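Undergrad: Going by full-length UniProt numbering, the letters in the sequence shown line up with residues 1 to 616, in that order.
Virtual Cβ for every residue (Gly too), placed ideally from N, Cα, C.
Here the structure is a predicted model, which is why all the values come from computation and not from measurement.
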Amino acid sequence: MDRLTNEKIISDVKENNDIVAVVSEYVNLKQSGRSFTGLCPFHSEKTPSFTVSREKQLFYCFGCGAGGDVLSFIMRIENLSFGAALRFLAERANMRLPEFEPSPTGQKQKEERERLYRLNAFAAEFYKKILWQTKTGEKAVAYLEARGITRATAEKFGLGYAPPQWRALVGLFRKKGVPLDEAEKAGLVCGGAEGYYDRFRDRLLFPITDPRGRVIGFGGRILGEGQPKYLNSPETVLYQKSRSLYGLAEAREGIRRQGRVIIVEGYMDVIQAHQHGIDEVVASSGTALTPEQVRLLKRYSDKVFIAYDADAAGEAATIRGLDLLAAAGAEVRVVRLPAGEDPDSLLKKEGAAGFRRYVAESVDLFTFKLAYILEKADLATPTGKAQAVQRVFPLLTQMQNEIAREAYLKQTAAAVGVSEASIYDQWRIYKYNLRKNKQRLDIKNNQRHTNDIAPARRRQPDALAGEKELLPLERELLRGCLQEKDFFARIRRTLIEIKFSAPLYDRLRQQLVEWDLSGEWPPPADAFPPEIRGLYMELLAENQMNPLPVDLDGCLKRLRQRQLTEEIRRLEQEVAVSLDGQVEGVSPLKLQENLALLNELHKKLREEFPTFSGLI
């Protein structure tokens with residue numbers, strides 16, 4: 001499909017999705033003059049700095065710098081690729097996208113999914129009617145009342161009741177002409193030797209929805225005698241337990257407002273929490289967190305609290321789930337509930353204030369793991385203490401922050417009951433052995449890649465810190481380039497010779513440099529690949545909503561100074577490593593070349609920046 005057609009499709013989708021209407025589904029907006037303002041959904045704030053312009057069809061946050069058009073908003077808030085966001089908005093506007101027309105097989109699968117959604121919605125309505133409008137449902141209503149659940153809360157979550165008859169839903173499907181093999185695919189009925197029968201009978205039903213609130217399955221709690229106590233829908237085209245989180249559709253706004261998500265185990269835990277006004281709560285439905293659930297959670301918050309009951313929180317499977325969250329970059333905290341309590345029972349006893357107190361007293365992942373390790377250790381003997389400490393050290397190696405690591409070493413010493421000096425001594429020995437093993441691997445790698453002296457050194461915290469400091473400078477320079485074609489043309493040659501530290505920023509720099517300046521400026525958004533289009537739209541939005549001119553010459557000068565100092569720092573590290581003999585295979589000639597280059601860079605730094613007094 002040619003570029004003009006593609007541009008027309010994108011334009012049509014945006015025209016059919018007014019940005020104020022779309023953003024209002026996620027943010028509580030209030031009109032302020034010609035714009036709309038609200039609390040930013042992308043960072044925590046108390047004073048609104050998030051602005052949406054209907055006139056410009058753009059959003060921008062003066063607090064965190066997030067900005068762009070309606071596509072950029074959906075990409076960011078739903079964590080979707082450009083194509084997926086385009087499909088999302090097209091579906092919202094009931095539009096068909098020519099370039100995404102499915103194949104005959106794909107179309108058949110899509111139609112099947114839509115039929116299953118309709119069947120689940122139909123079943124949910126049937127179960128709700130049985131619960132609230134029939135004598136049969138009185139037993140389930142009484143159960144909810146005994147558990148302290150109000151009707152308003154039950155209706156918020158769409159609770160229903162499956163009657164005890166074997167073919168109540170089957171009979172209704174037959175009456176409506178619904179093919180029972182389709183109902184079986186949805187997990188609503190089962191096929192047996194005597195025909196089809198209802199999967200759920202005499203159970204309080206909890207509809208399980210996707211993040212958009214569409215019913216994909218059910219969880220049912222038996223109200224009479226029998227097993228299992230809880231019965232879930234089977235795996236279907238729509239429902240996979242490992243990819244679902246109960247209550248996410250109801251919790252999305254609460255998660256964004258609070259800037260965190262609280263994970264509990266069961267359906268009643270979620271419902272009780274929401275009833276008490278704690279609406280950032282979802283459930284993993286009794287399973288340890290899976291990679292798919294972690295990815296889903298990360299779409300909504302980087303701050304995750306785990307509030308399982310005491311027994312479940314100590315299970316190895318749960319700890320693996322916490323590690324998955326930490327590996328994904330989430331800030332993980334564990335809410336330690338009293339023995340024998342779960343969120344449901346605790347909320348009924350101590351109310352929202354009591355539950356929030358336990359949340360406020362939650363511990364970070366290291367503290368939780370330390371307690372877990374020490375609970376299983378024999379701290380009454382020297383050998384037991386030594387073994388416990390050795391089990392803690394691998395946790396400390398995962399931390400990049402030295403200050404936090406030192407604090408945790410002191411915490412470990414106090415918890416184990418040994419002196420800080422002895423802990424530090426053992427930690428140094430542990431690090432030394434770890435480093436020696438790593439050096440053996442590095443030497444092997446260096447023998448295979450003699451031209452790359454110390455690749456691991458480039459990932460040292462100092463180097464990363466330097467890159468982070470460069471990002472605002474690089475971003476501001478790019479924003480300035482988009483303001484005026486003449487400004488950009490003047491510094492274009494200089495930009496060709498510069499390489500940005502952030503790969504995404506550098507790709508945008510390279511594409512701008514290669515753009516034909518005889519055309520429009522700034523370039524149209526669809527001229528950029530999806531992976532950098534979001535950044536480009538943010539910069540355009542910032543210029544539109546906050547059009548302060550950028551000091552391009554000053555940006556270039558500071559960037560050049562920073563890059564020179566970073567190159568000097570990198571070379572000094574390589575020379576120091578070579579002189580210490582920590583890396584084999586570095587020839588005297590190579591070392592001499594590095595020293596000469598180092599002198600040359602220092603000279604350039606003094607000449608270009610005569611007032612410069614040392615590394616930044």
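Report the start-end ranges of each alpha helix (DSSP H) in the stretch 20-74 that is 4 residues or longer and not cut off at the edges.
TA: none
Undergrad: If we ignore side chains and look at the alpha-carbon of each, how far apart do Leu89 and Asn79 end up?
TA: 14 Å
Undergrad: Between Glu538 and Gly67, how many whole angstroms is the CB-CB distance? I'm expecting something under 8 Å.
TA: The Cβ separation is near 5 Å, so the contact holds.
Undergrad: In angstroms with no decimal places, state the Cα-to-Cα distance between Ala414 and Glu420.
TA: 8 Å
Undergrad: I'd like the ranges of any beta strand (DSSP E) spanning at least 3 consecutive residues and lying wholly in the stretch 197-282.
TA: 203-209, 215-222, 230-232 and 261-264
Undergrad: Can you find the residues in the same chain that come closer than 8 Å, C-beta to C-beta, to Ala339, ignoring five residues on each side of it along the sequence?
TA: Ala310, listed in sequence order.
Undergrad: Quick one: what does DSSP say Glu361 is sitting in, helix, strand or coil?
TA: coil
Undergrad: Do Val282 and Pro343 come within 8 Å of each other at the CB atom, strictly closer than that value?
TA: no
Undergrad: May I ask you to list the residues that DSSP assigns as paired with Gly160?
TA: Leu205
Undergrad: Give the C-beta separation of Gly321 and Leu289 to the nearest angstrom, bearing in mind that I take them to be a contact with Cβ-Cβ under 8 Å.
TA: 3 Å
Undergrad: Using the Cα positions of Ser24 and Glu138, report the straight-line distance between them to the nearest angstrom.
TA: 39 Å
Undergrad: Is it right to say Pro163 is buried, meaning 16 or more other beta carbons lie within 10 angstroms of its own, or is it exposed?
TA: Only buried fits Pro163, as 16 or more other CB atoms lie within 10 angstroms of its CB.
Undergrad: Identify which residue in Cys190, Asp210, Gly213 and Phe218 has its Cα closest to the Cα of Arg203.
TA: Selected option, being the one with the closest Cα: Phe218.
Undergrad: Report back the beta-carbon spacing between Gly160 and Leu131 to the nearest angstrom; my notes put them in contact at under 8 Å.
TA: That belief holds up - the Cβ atoms of Gly160 and Leu131 are roughly 5 Å apart, short of 8 Å.
Undergrad: Under 7 Å Cβ to Cβ from Gly63, same chain only, skipping five residues before and after it: list those, please.
TA: Closer than 7 Å at Cβ, skipping near neighbours: Cys40, His43, Glu45 and Ser49.
Undergrad: Threshold first: 4 residues or longer. Then list the alpha helix (DSSP H) segments lying entirely within the stretch 111-144, N to C.
TA: DSSP runs (the alpha helix (DSSP H)) wholly in the stretch 111-144: none.
Undergrad: Less than 8 Å between the C-beta atoms of Tyr372 and Ile319, yes or no?
TA: Cβ distance < 8 Å, so Tyr372 and Ile319 count as in contact.
Undergrad: Comparing C-alpha positions only, which one of Gln400, Gln390 and Asp198 sits nearest to Trp427?
TA: Gln390
Undergrad: So the candidates are Arg606, Gly83, Asp69 and Glu112; which of them puts its Cα closest to the Cα of Pro98?
TA: Gly83
Undergrad: Please state the DSSP three-state secondary structure of Tyr505.
TA: helix
Undergrad: Have a look at Asn120 and Val215 and give me their C-alpha separation to the nearest angstrom.
TA: 6 Å
Undergrad: For Gly329 and Lys303, what's the separation of their Cα atoms in angstroms?
TA: Cα to Cα, Gly329 sits roughly 9 Å from Lys303.
Undergrad: Going residue by residue through the stretch 473-520, where are the continuous alpha helix (DSSP H) segments of at least 4 residues, counting only ones entirely within it?
TA: Uninterrupted alpha helix (DSSP H) stretches at least 4 residues long and entirely within the stretch 473-520 occur at 485-497 and 503-514, given in chain order.
Undergrad: Could you check what DSSP says for Gly195 in three-state terms: helix, strand or coil?
TA: strand
Undergrad: Tell whether a beta-carbon distance below 8 Å holds between Val27 and Val70.
TA: Cβ atoms of Val27 and Val70: not closer than 8 Å.
Undergrad: Taking the Cβ atom as the reference point for each residue, do Phe355 and Ile278 lie within a distance shorter than 8 Å?
TA: yes
Undergrad: Quick one: residues in its chain with C-beta nearer than 6 Å to the C-beta of Ile568, no 5 flanking neighbours on either side, listed in chain order?
TA: Leu601
Undergrad: In whole angstroms, what is the alpha-carbon distance linking Arg333 and Lys348?
TA: 23 Å
Undergrad: If we ignore side chains and look at the alpha-carbon of each, how far apart do Leu180 and Ser81 end up?
TA: 37 Å
Undergrad: Quick one, which of Ala307, Pro529 and Tyr196 has its alpha-carbon nearest Gln174's?
TA: According to the sequence provided, residue 174 is Arg. The question's Gln does not apply to it. If we check each option's Cα against that of Arg174, Tyr196 comes out closest.
Undergrad: Can the beta-carbon of Met75 be found less than 8 Å from the beta-carbon of Asp12?
TA: no
Undergrad: Could you check what DSSP says for Glu331 in three-state terms: helix, strand or coil?
TA: Three-state DSSP puts Glu331 in a strand.
Undergrad: Taking the alpha carbon of Val550 as the reference point, which residue from Arg475, Leu517, Ala527 and Gln293 has its own alpha carbon closest?
TA: Arg475
Undergrad: By Cβ distance below 7 Å, which residues in the same chain neighbour Thr209 in space, the five residues on each side in sequence not counted?
TA: Val215, Ile216 and Ala249
Undergrad: To the nearest angstrom, report how far apart Ile262 and Arg92 are at their CA atoms.
TA: Within the model, the alpha-carbon separation for Ile262 versus Arg92 is close to 29 Å.
Undergrad: Beta-carbon within less than 7 Å of Ala140's beta-carbon, same chain only, minus the 5 sequence neighbours each way: which residues are those?
TA: Leu131, Tyr161, Leu204 and Leu223
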